[in-house]
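Each remark here refers to the structure printed beneath this line.
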Amino acid sequence: MSEHVDYYQVLGVPRTAPIEQIKAAYRRQALRHHPDKNGGSGEAEERFKRCSEAFTTLADATTRAAYDARLWTELSPSLLVGELFAGLTGGRWRRRRAGRDLRHELRLTLEQSAIGGRHRLSFVVESVCELCDGFGAAAEQLSPCAECEGRGEWRPPGVLALPRPCPHCGGRGLRSRSACRRCAGVGVVELSREVELRVRAGSVDGETLTLLGQGEPGRHGGRAGDLYVIVRIVNHPLLSRRGDDLLLELPVGPAAAVLGDTVEVPTLEGEVRLRIPAGTQAGELLRLAGRGMPRSGGGRGDLLVRVAVETPVELGDEQRALWAQLALGAAGAPSYPRARRFDEALALLRAQRGEPRDGG
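According to my numbering, the residues represented by the sequence shown are 17 to 376, in order.
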């Protein structure tokens, strides 16, 4: 081979051209520069010889591989890398590639979700390694894959077999002698990102915020993906949400339910005093207006306080005697209207069955 002769340029084909393309290019060039068609021109004859020399070298896999290896040492590796990637089948590695959409969660307390406002979210994103431009190695460490001849594809035997990524180069068309020191040959690196987003007052669990162009960066000029932030509300130890209202389970003793009391209850803004009316029943709902979550149309929901009457479980002898005395004093008294109605309904059922009344 003459020094610094690029046979690919002679035939006008890329360095990744398959044999069919090389043959077709040779036929065109040979016909164009044949001496008989150019009146015996010495320049045309020299070009015809150069085309024949190029075809003889590139049409055979063994001589082509040896030529490529020599060409790699004679020309700039960075130039060859650019040409190889530009000529890969389908333009896979130089085609603009959009970045992936990313999804992350933003955890808020119930109080934070009620107030809303600006919050910062930190996360890790993959980006193309700037040191190797995503190739996985420096340009001078790359060489064409001999197995796929730089195409990045391997076609299994068979007429209908579909091409697959070359298993030797991972579909890149290039192989490296040593990996990039920054990305370890992967071609991408992990970067820390932080974004600021605005959460509306009264946001709900599972609500999704969309930040356009804040996802994974694109490659080779492709657009960046989007970032989807899912709001997650951390469970409150005492309050639970029911739409725009909040629910609080308030345990009280029998005396407070019977005689009434004033207690401190938690709200989103702190504790407030709540009056428990005398004669409050277990499960009864007391309402604190405007103490719930902000409504999207304005205003706020309410805080619903469900009273849970708690009976003592450990009694001393003196306490047990007092409860027994209360039970005797309340027998037959109208202090328990629900119990009295229950007894009346039970007596009616017994009468319908012909059973005697108690004490009958």
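Glycine included, each C-beta is placed from N, C-alpha and C at the ideal position.
Rounded straight-line distance, which links the Cα of residue j to that of residue i
{"i": "threonine 79", "j": "threonine 73", "result": "6 Å"}
{"i": "leucine 362", "j": "alanine 343", "result": "21 Å"}
{"i": "glutamate 163", "j": "valine 215", "result": "54 Å"}
{"i": "glycine 229", "j": "arginine 322", "result": "47 Å"}
{"i": "glycine 103", "j": "tyrosine 23", "result": "Note on glycine 103: pLDDT 48, under 50, position unreliable in the model; no value is reported."}
{"i": "leucine 27", "j": "cysteine 67", "result": "6 Å"}
{"i": "proline 179", "j": "arginine 167", "result": "11 Å"}
{"i": "threonine 105", "j": "lysine 53", "result": "For threonine 105, the pLDDT reaches just 40, beneath the cut-off of 50, and the residue's location in the model is therefore unreliable, although a value from the coordinates is still provided. Going by the C-alpha atoms only, they are around 35 Å apart."}
{"i": "arginine 31", "j": "isoleucine 38", "result": "10 Å"}
{"i": "isoleucine 35", "j": "alanine 75", "result": "6 Å"}
{"i": "glycine 237", "j": "glutamate 59", "result": "44 Å"}
{"i": "glutamine 157", "j": "arginine 193", "result": "5 Å"}
{"i": "glycine 299", "j": "arginine 239", "result": "57 Å"}
{"i": "leucine 364", "j": "glycine 370", "result": "10 Å"}
{"i": "phenylalanine 358", "j": "glutamine 341", "result": "23 Å"}
{"i": "methionine 309", "j": "leucine 227", "result": "25 Å"}
{"i": "proline 353", "j": "proline 270", "result": "16 Å"}
{"i": "proline 172", "j": "cysteine 182", "result": "10 Å"}
{"i": "threonine 283", "j": "arginine 197", "result": "56 Å"}
{"i": "alanine 81", "j": "serine 159", "result": "11 Å"}
{"i": "glycine 377", "j": "leucine 263", "result": "Examination of residue 377 is not possible in this model, given that the chain is present from 17 through 376 alone."}
{"i": "valine 281", "j": "alanine 217", "result": "23 Å"}
{"i": "glutamate 62", "j": "glutamate 146", "result": "45 Å"}
{"i": "glycine 313", "j": "isoleucine 131", "result": "15 Å"}
{"i": "aspartate 231", "j": "glutamate 330", "result": "Residue identity differs from the one stated: residue 231 is glycine in this sequence, not aspartate. Rounded to whole angstroms, glycine 231 to glutamate 330 spans 59 Å at the Cα level."}
{"i": "glutamate 334", "j": "valine 268", "result": "22 Å"}
{"i": "glutamine 368", "j": "glutamate 223", "result": "57 Å"}
{"i": "alanine 40", "j": "glutamate 121", "result": "56 Å"}
{"i": "glutamate 360", "j": "arginine 366", "result": "10 Å"}
Candidates the options: closest to residue i by CA position
{"i": "glutamine 297", "options": "Gln128, Val288, Arg193, Val325", "result": "Val325"}
{"i": "leucine 319", "options": "Gln335, Leu302, Gly313", "result": "Leu302"}
{"i": "leucine 304", "options": "Ala294, Arg316, Ala273, Val141", "result": "Arg316"}
{"i": "leucine 190", "options": "Ala153, Arg354, Leu225", "result": "Ala153"}
{"i": "glycine 234", "options": "Arg113, Arg366, Pro172, Arg171", "result": "Arg113"}
{"i": "alanine 272", "options": "Val211, Arg357, Pro328", "result": "Pro328"}
{"i": "glycine 133", "options": "Glu280, Ile292, Ala367, Val247", "result": "Val247"}
{"i": "serine 256", "options": "Arg307, Val21, Pro353", "result": "Arg307"}
{"i": "glutamate 287", "options": "Leu254, His135, Glu62, Phe358", "result": "Leu254"}
{"i": "glutamate 212", "options": "Leu225, Gly150, Asp277, Val220", "result": "Leu225"}
{"i": "valine 202", "options": "Asp221, Glu69, Val144", "result": "Val144"}
{"i": "glutamate 285", "options": "Val268, Ala355, Ser129", "result": "Ser129"}
{"i": "valine 220", "options": "Arg258, Glu232, Ala200", "result": "Arg258"}
{"i": "glutamate 169", "options": "Ala33, Asp333, Glu360", "result": "Ala33"}
{"i": "glycine 150", "options": "Ala355, His50, Pro267, Ala200", "result": "Ala200"}
{"i": "valine 21", "options": "Pro372, Ala46, Glu69", "result": "Glu69"}
{"i": "alanine 77", "options": "Ala195, Gly332, Glu165, His135", "result": "Glu165"}
Beta-carbon proximity of residue i to residue j, cut-off 7 Å
{"i": "tyrosine 244", "j": "arginine 119", "result": "yes"}
{"i": "glycine 241", "j": "arginine 48", "result": "no"}
{"i": "glycine 42", "j": "phenylalanine 64", "result": "According to the sequence as given, residue 42 is tyrosine; it is not glycine. Against a cut-off of 7 Å, the Cβ pair of phenylalanine 64 and tyrosine 42 comes out as no contact."}
{"i": "isoleucine 249", "j": "leucine 137", "result": "no"}
{"i": "glutamate 142", "j": "glutamate 206", "result": "yes"}
{"i": "arginine 311", "j": "aspartate 260", "result": "yes"}
{"i": "cysteine 161", "j": "histidine 184", "result": "yes"}
{"i": "phenylalanine 139", "j": "arginine 209", "result": "yes"}
{"i": "valine 279", "j": "leucine 290", "result": "yes"}
Bridge-paired residues (DSSP) for residue i
{"i": "tyrosine 244", "result": "Arg119, Thr226"}
{"i": "aspartate 277", "result": "Ile292"}
{"i": "arginine 136", "result": "Glu212"}
{"i": "aspartate 261", "result": "Arg258"}
{"i": "leucine 301", "result": "Arg322"}
{"i": "tryptophan 170", "result": "Arg180"}
{"i": "threonine 283", "result": "Gly286"}
{"i": "leucine 266", "result": "Val323"}
{"i": "valine 141", "result": "Leu207"}
{"i": "proline 310", "result": "Arg316"}
{"i": "isoleucine 249", "result": "Leu124"}
{"i": "arginine 48", "result": "None, per the DSSP bridge assignment."}
{"i": "arginine 113", "result": "Arg235"}
For residue i, the first and last residue of its enclosing beta strand (DSSP E)
{"i": "valine 323", "result": "319-325"}
{"i": "arginine 191", "result": "190-192"}
{"i": "proline 160", "result": "158-160"}
Neighbour flag for residue i against chain C, beta carbons, 7 Å
{"i": "arginine 235", "result": "Considering every chain present, this structure includes no chain C. It has just one protein chain."}
Boundaries (first-last residue) of the alpha helix (DSSP H) holding residue i
{"i": "leucine 147", "result": "No alpha helix (DSSP H) holds leucine 147; DSSP gives it neither H nor E."}
{"i": "serine 68", "result": "58-74"}
{"i": "serine 129", "result": "126-131"}
{"i": "glutamate 232", "result": "Neither: glutamate 232 is in no alpha helix (DSSP H) and is coded neither H nor E."}
{"i": "leucine 27", "result": "23-27"}
{"i": "asparagine 360", "result": "Here residue 360 turns out to be glutamate, not asparagine, going by the sequence shown. Its alpha helix (DSSP H) spans residues 353-368."}
Cβ-heavy atom distance, residue i to the ligand COA, below 6 Å
{"i": "glycine 201", "result": "By its list of ligands, the structure shown contains no ligand whatsoever, and the ligand COA lies outside what it can speak to."}
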